[in-house]
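Peer 1:
Chains as they are written, first to last, in our numbering: chain P, -12 to 281; chain V, -12 to 281.
1. Helix, strand or coil: how does DSSP classify residue 226/V here?
2. Taking 8 Å as the CB-CB limit, is residue 10/P close to chain V?
3. Can you give me the C-alpha to C-alpha distance between residue -7/V and residue 42/V, rounded to a whole angstrom?
4. Let me know if residue 278/V comes out buried or exposed under the rule of 16 or more other beta-carbons within 10 Å of its beta-carbon.
5. Straight-line CA distance for residue 47/P to residue 183/P?
6. Closer than 8 Å is the cut-off here; do at least three beta carbon pairs connect the stretch 98 to 105 of chain V with the stretch 19 to 30 of chain V?
7. Report the option in 273/P, 181/P and 35/P whose CA atom is closest to the CA atom of residue 62/P.
8. By the criterion of Cβ-Cβ separation under 8 Å, what are the contact partners of residue 46/V in chain P?
9. Please report the residue range of the alpha helix (DSSP H) in which residue -7/V lies.
10. Leaving out five residues on either side along the sequence, give the residues of the same chain with a beta carbon under 7 Å from the beta carbon of residue 240/V.
11. Exposed or buried, what is residue 137/V when buried is set at 16 or more other beta-carbons lying within 10 Å of its beta-carbon?
12. Hey, how far is the Cα of residue -2/P from the Cα of residue 171/V?
13. Using a C-beta cutoff of 8 Å, does residue 109/V count as contacting chain P?
14. Determine, using beta carbons only, whether residue 164/V comes closer than 8 Å to chain P.
15. What is the DSSP secondary structure of residue 90/P, reduced to helix, strand or coil?
16. According to DSSP, is residue 167/V helix, strand or coil?
17. For chain V, is any of its Cβ atoms less than 8 Å away from the one on residue 122/P?
18. Taking Cβ-Cβ distances shorter than 7 Å, what residues in chain V pair up with residue 103/P?
19. Run down chain V in chain order and give the residues with a C-beta less than 7 Å from the C-beta of residue 16/P.
20. Using a Cβ-Cβ distance under 8 Å, would residue 20/P count as near chain V?
21. My output table needs one value for residue 81/V: the three-state DSSP class, helix, strand or coil.
22. Pairing CB atoms from the stretch 139 to 159 of chain V with CB atoms from the stretch 1 to 14 of chain V, are three or more of them under 8 Å?
23. Residues of the stretch 66 to 92 of chain V in Cβ contact with chain P at a cutoff of 7 Å, in chain order, please.
24. Please confirm whether residue 112/P and residue 56/P have their CB atoms less than 8 Å apart.
25. Do residue 304/P and residue 0/P have their CB atoms nearer than 8 Å?
26. Quick one: what does DSSP say residue 261/P is sitting in, helix, strand or coil?
27. Which residues of chain P have a Cβ atom closer than 7 Å to the Cβ of residue 99/V, listed in chain order?
28. Is there a C-beta anywhere in chain V that falls below 8 Å from the one on residue 256/P?
29. Give every residue of the same chain whose Cβ lies closer than 6 Å to the Cβ of residue 77/P, excluding the five residues on either side of it in the sequence, and list them in chain order.
30. Would the beta-carbon of residue 235/P fall within 8 Å of that of residue 244/P?
31. Counting only C-beta atoms, is residue 177/V closer than 8 Å to chain P at any point?
32. Indicate the three-state DSSP secondary structure (helix, strand or coil) for residue 235/V in the structure shown.
33. Between the Cα of residue 218/P and those of 59/P, 44/P and 84/P, spot the shortest distance and give me the residue it belongs to.
34. Tell me whether residue 101/P sits in a helix, a strand or coil according to DSSP, three-state version.
35. Identify the contact partners of residue 128/V in chain P, using a Cβ-Cβ distance below 7 Å as the criterion.
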């Protein structure tokens, strides 16, 4: 399936899932659900659910299972954006071309909406509709909790806060990004393999792919931050430079950063050598990390 | 075991677990871990882990398993306090007699520390050291995610925000509190039963107990808020009245609220009629909800 069609299909699927998971109740919690919907529905590349689906497809996994896992991981991604945008964090007014949740609903509801999306992720994964085998569910949950906690995304965000105070070198920026965005991207690919009952020793190639794609994605993000169009990207840009944070681009320069991202994409695709055509979507996703304009 | 000894034993056990789970790394994440330790270690009644332990004991559950589940539920409780104390929420400076996390480490780290404790809860539960049977782990996770999400604690906190704007009646305040604090207390008892492999149809008495204890606990909290000593309680009191929020005490008056709580404690104990002496600790906990001074 061509990449654009797959992106659209996954985006529609995720929106439908959130629409049904987040039906607004007729009680005093209505604004909480509205805020969660504001954050979760519409917009977003849905890269993580796409990675779950593309990996799961290699192993003939049921598409609804992969869709549920994709929605769970996207819950974590979305909650992290909601909290990251808060005034005490990045203080952003715009996300995916819309007002950020705290701009639309206030800070208190934004904090709660993020927390509730966080809980929802694990509620989805623990549900037996996600997978009939509780071993698989438990492994998915362990993977996601680890990727989002202090050893993963949460720890990366903490390093990102420190980056405003200290000048990190390239290995430290690499580690920061591997945690901040890489961990959840890696977990998306890993989850597809878990759903496919691939044992850990059979996941080496996919893990290499995910690591390289995650890093290429982040370098592309840094390039977009410098060269991108705010309207197309849908959020405020050029904030890292203003905050004095080192990025791949500030440390390597635009040209070397772009070259590095290209090498990572090639390397990511090399990791898939044991797969045939059925991995073409994963290969296309790797290339897409550099070609996107948002 | 007398209640005081059990409280002390559980409190020590939980502190030891957090001390080992939250070892401060020698990297830029150090302050994140320090903030998590500040929130999680020392202080707190540890009522929820005690309820897990006391229920699990009825069914001969391994004590380390119950301790791990207690720590996971306490992670959720603690994260909710950290976020609840934020300036955008209750804006509290003092918690458990110490500065709140955002006072000690700043708002950004407080948000992240809460998020990471949230993730840690599910990481603990998904780990096979918590229980060898993945069915049990998945059921524990489902229970906790549901109790902490928009249908449980998170939804209750949202209603609590609305309570500042609307005058809730007694049924609505009851529902608010059943969600805000009741859901996690109920999940603690339920988790003990899950660990004990009690099938859902065998949990009716324990669920009734948990529901009544949760409500009694909250009425006692409202009474403490009006009558308590700030130093003993370790946090700012009398904020609900100032914010114009209806509580059990504002709606029923002090005397009827206290009487209602007493009835709930009796009723909670009645729900345990099918258990013998082995449930005495649960009975003592029910009585303790009214006798505590913090």
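A virtual CB, placed ideally from N, CA and C, is assigned to each residue, including glycine. Quick caveat: nothing in here was measured; it's all calculated off a predicted structure.
Peer 2: With the given structure in hand:
1. Translated into positions along the second chain, residue 226/V becomes position 239. Residue 226/V falls in the helix class under three-state DSSP.
2. For this step, residue 10/P is matched to residue 23 along the first chain. So no, residue 10/P is outside the interface.
3. In the second chain, the residue the question calls residue -7/V occupies position 6. In the second chain, the residue the question calls residue 42/V occupies position 55. Spanning the two alpha carbons is a distance of roughly 13 Å.
4. Taking the first residue of the second chain as position 1, residue 278/V is located at position 291. Residue 278/V comes out exposed.
5. The sequence position of residue 47/P within the first chain is 60, counting from 1. The sequence position of residue 183/P within the first chain is 196, counting from 1. Whole-angstrom Cα-Cα distance: 7 Å.
6. yes
7. Looking up residue 62/P in the first chain gives position 75. Comparing Cα positions, the closest option is 35/P.
8. Here residue 46/V is taken as the residue at index 59 of the second chain, counted from 1. What residue 46/V touches in chain P: nothing, since even the nearest Cβ is about 20 Å away.
9. Reading the second chain from its first residue, position 6 is the one you call residue -7/V. Segment -10 to 8, the alpha helix (DSSP H) holding residue -7/V.
10. Translated into positions along the second chain, residue 240/V becomes position 253. If you ignore the 5 residues before and after residue 240/V, its C-beta comes within less than 7 Å of no other C-beta in its own chain.
11. Walking along the second chain from the start, residue 137/V turns up at place 150. It counts as buried.
12. Taking the first residue of the first chain as 1, we reach residue -2/P at position 11. Taking the first residue of the second chain as 1, we reach residue 171/V at position 184. Near 34 Å, if we compare the C-alpha coordinates of residue 171/V and residue -2/P.
13. Locating residue 109/V in the second chain gives position 122, where the first residue counts as 1. Closer than 8 Å to some Cβ of chain P, the Cβ of residue 109/V qualifies, so yes.
14. Position 177 of the second chain, counting from 1, holds the residue named residue 164/V. It does not: the Cβ of residue 164/V has no partner Cβ on chain P nearer than 8 Å.
15. The residue labelled residue 90/P in the question sits at position 103 within the first chain. In the three-state reduction of the DSSP assignment, residue 90/P falls in the helix class.
16. Numbered from 1 along the second chain, position 180 holds the residue referred to as residue 167/V. Residue 167/V: helix per DSSP, three-state reduction.
17. By 1-based counting over the first chain, the position of residue 122/P is 135. Yes - at least one Cβ of chain V is within 8 Å of the one on residue 122/P.
18. Residue 103/P sits at position 116 when you count from the first residue of the first chain. Chain V residues near residue 103/P: 136, 137 and 141.
19. Translated into the one-based positions of the first chain, residue 16/P becomes position 29. Going along chain V in sequence order, the residues near residue 16/P (Cβ under 7 Å) are 137, 142, 145 and 146.
20. Start at 1 with the first residue of the first chain, and residue 20/P comes out as number 33. At least one chain V Cβ lies under 8 Å of residue 20/P.
21. Translated into positions along the second chain, residue 81/V becomes position 94. Three-state DSSP puts residue 81/V in a strand.
22. no
23. Per Cβ criterion, the list reads 70, 73, 75 and 76.
24. Locating residue 112/P in the first chain gives position 125, counting from the first residue. Locating residue 56/P in the first chain gives position 69, counting from the first residue. Yes, these two residues count as a Cβ contact at 8 Å.
25. The structure shown has nothing for residue 304/P, since chain P only spans -12 to 281.
26. As a working mapping, residue 261/P is identified with position 274 in the first chain. In the structure shown, residue 261/P sits in coil (DSSP, three-state: anything other than H, G, I, E or B).
27. Numbered from its first residue, the second chain carries residue 99/V at position 112. Correct list: 141, 144 and 145.
28. Reading the first chain from its first residue, position 269 is the one you call residue 256/P. Chain V contact via Cβ: absent.
29. Reading the first chain from its first residue, position 90 is the one you call residue 77/P. These residues qualify, in order along the chain: 71.
30. Within the first chain, residue 235/P is the residue found at index 248, counting from 1. Within the first chain, residue 244/P is the residue found at index 257, counting from 1. Taking 8 Å as the Cβ cut-off, residue 235/P and residue 244/P qualify as a contacting pair.
31. As a position in the second chain, residue 177/V is number 190, starting the count at 1. By this cut-off, residue 177/V is not an interface position.
32. Start at 1 with the first residue of the second chain, and residue 235/V comes out as number 248. In this structure, residue 235/V counts as helix in the three-state DSSP scheme.
33. Reading the first chain from its first residue, position 231 is the one you call residue 218/P. Checked all of 59/P, 44/P and 84/P; the closest Cα to residue 218/P is 84/P.
34. Here residue 101/P refers to the residue found at position 114 of the first chain. It is helical.
35. If you number the second chain from 1, residue 128/V lands on position 141. What residue 128/V touches in chain P: 109, 113 and 128.
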